[in-house]
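Each remark here refers to the structure printed beneath this line.
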Amino acid sequence: MGDPAGGEAPLVFLHGGPGYNSYSFQAAFGDRMPRAAVFLDQRGSGRSGPLEDTEQGADTLDLDTLVGDLDAVRDFLGAAQIVPLGHGFGALVALEYARRHPTRTARVIVVNPWVHYPDLARTLLEEASARRGTPLEDPAERVRADTPDGQHAPVGAARIEAAFELLNARDLLNALQFRDAPTRMRLEFMDAEGQLVGGGEVQEALVNQGLWEFEYPPFLAEIRRPVFVISGAHDRTSYPEQVQWVADLADGDVTVLDAAHYPWLDDEDAFAQALDDALNR
1 MGDPAGGEAP
11 LVFLHGGPGY
21 NSYSFQAAFG
31 DRMPRAAVFL
41 DQRGSGRSGP
51 LEDTEQGADT
61 LDLDTLVGDL
71 DAVRDFLGAA
81 QIVPLGHGFG
91 ALVALEYARR
101 HPTRTARVIV
111 VNPWVHYPDL
121 ARTLLEEASA
131 RRGTPLEDPA
141 ERVRADTPDG
151 QHAPVGAARI
161 EAAFELLNAR
171 DLLNALQFRD
181 APTRMRLEFM
191 DAEGQLVGGG
201 EVQEALVNQG
211 LWEFEYPPFL
221 AEIRRPVFVI
231 SGAHDRTSYP
241 EQVQWVADLA
251 DGDVTVLDAA
261 HYPWLDDEDA
271 FAQALDDALN
281 R
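With full-length UniProt numbering, letter number 43 in the sequence shown gets 43, and the count goes up by one each step, no holes.
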């Protein structure tokens, strides 16, 4: 929407999931975007073609590729700079783009970021255990003890496997990401309206590349562009632990809203104000 090559650096929305799409954000909030914007369906997601039709194929997908795709979009737009706006997993793409391409990034805005995946897996396991009424049994120590010296201990994968054995992924994420049923139902309605189901192959490909072991915080200190965080206090997948990593290591300017994982659904006006502040501070 708008003219991304004229005037201010355009926003490029990067959805989460991974493997979700930008349709619901565009449908819910697109009319209130404060400047020219692109609603990007990342490689293999939403309205973009399936991974199996790409040169890279369906078995693997990595952060390098997604960052490269984003820069190809910037180049196609003819924009000297962009403002990556990353949500959830999409925050990882936004932050890494800013780290690698500081001169092409005006600033970076992340909404309920996910940056430390073993920690996120522990959060999911804690919630699953609580909902099942079972004591928390973190497999991390066992996995580390069983892993040969010199090899990486797959702690994140073990945690997420244990969590999903206790509670299916959809119910678990719904419990952590929504503060009420009407908001969840509204999103589900928009998803059905958009007819963009799927994304499983994207998740599988990233997991094949070790997504649940990925710890991005060491790279946050290398970002040299202004970082702004919009967080929902009721999104327990991101706030406060994941947000704190970005605040501490990337000197992120944090705004906390009375909202959950999709703040534009919970309080559209508050999210619009927070986004405007992040663009103009």
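Yeah, the Cβ is synthetic: ideal placement off N, Cα and C, and Gly gets one too.
### Task
Keeping to the same chain, check which residues put their C-beta closer than 6 Å to that of Ala250; ignore five residues upstream and five downstream.
In the sequence shown, residue 250 corresponds to position 250, counting from 1. The answer, listed in chain order, is Leu220, Ile223, Val227.
### Query
Is the stretch 238-250 touching the stretch 184-199, taking contact as three or more C-beta pairs under 8 Å?
no
#### Entry: Beta-ladder partner(s) of Glu215, from DSSP
For this step, residue 215 is matched to residue 215 along the sequence shown. Beta-bridge pairing links Glu215 to His116.
### Task
Pick out the complete alpha helix (DSSP H) segments inside the stretch 161-214, 4 residues or longer, and give them in chain order.
169-177, 181-194, 200-208
### Query
Any idea if Asn112 is buried or exposed, counting beta-carbon neighbours within 10 angstroms, 16 or more meaning buried?
Numbered from its first residue, the sequence shown carries residue 112 at position 112. Burial call: buried.
### Query
For the alpha helix (DSSP H) that contains Gly68, what are its first and last residues?
One-based indexing of the sequence shown puts residue 68 at position 68. Where Gly68 is concerned, the enclosing alpha helix (DSSP H) stretches over 63-77.
### Message
Quick check: the Cα distance between Gly16 and Arg104, rounded to an integer number of angstroms?
### Response
Stepping through the sequence shown from its first residue, residue 16 is reached at position 16. Stepping through the sequence shown from its first residue, residue 104 is reached at position 104. Rounded to whole angstroms, Gly16 to Arg104 spans 22 Å at the Cα level.
### Query
Counting Cβ pairs closer than 8 Å, one from the stretch 16-28 and one from the stretch 78-89, do we hit at least three?
yes
### Task
Jot down the residue ranges of each uninterrupted alpha helix (DSSP H) in the stretch 207-276, minimum 4 residues, whole runs only, in chain order.
217-220, 241-249, 263-266
### Query
Under 8 Å between the Cβ atoms of Ala9 and Ala79?
Sequence index remark: in the sequence shown, residue 9 carries index 9 (1-based). Sequence index remark: in the sequence shown, residue 79 carries index 79 (1-based). Taking 8 Å as the Cβ cut-off, Ala9 and Ala79 qualify as a contacting pair.
#### Entry: Proximal residues to Asp59 (C-beta, below 7 Å), its chain only, five neighbours per side dropped
As a position in the sequence shown, residue 59 is number 59, starting the count at 1. Correct list, in chain order: Ala205, Asn208.
### Message
Please classify His116 as buried or exposed, where buried requires at least 16 other C-beta atoms within 10 Å of its C-beta.
### Response
For the purposes of this step, residue 116 is taken as the residue at position 116 of the sequence shown. It counts as buried.
### Task
Give the DSSP-derived three-state secondary structure of Thr123 in the structure shown.
Numbered from 1 along the sequence shown, position 123 holds the residue referred to as residue 123. Thr123: helix per DSSP, three-state reduction.
### Cβ contact (3+ pairs, closer than 8 Å) linking the stretch 273-280 and the stretch 253-263
yes
#### Entry: alpha helix (DSSP H) segments (min. 4 residues) lying fully within the UniProt region "Disordered" (131-152)
140-146
### Query
How many Å lie between Gly68 and Leu40 at the Cα?
Here residue 68 corresponds to residue number 68 of the sequence shown, with the count starting at 1. Here residue 40 corresponds to residue number 40 of the sequence shown, with the count starting at 1. Approximately 13 Å, taken between the alpha carbons.
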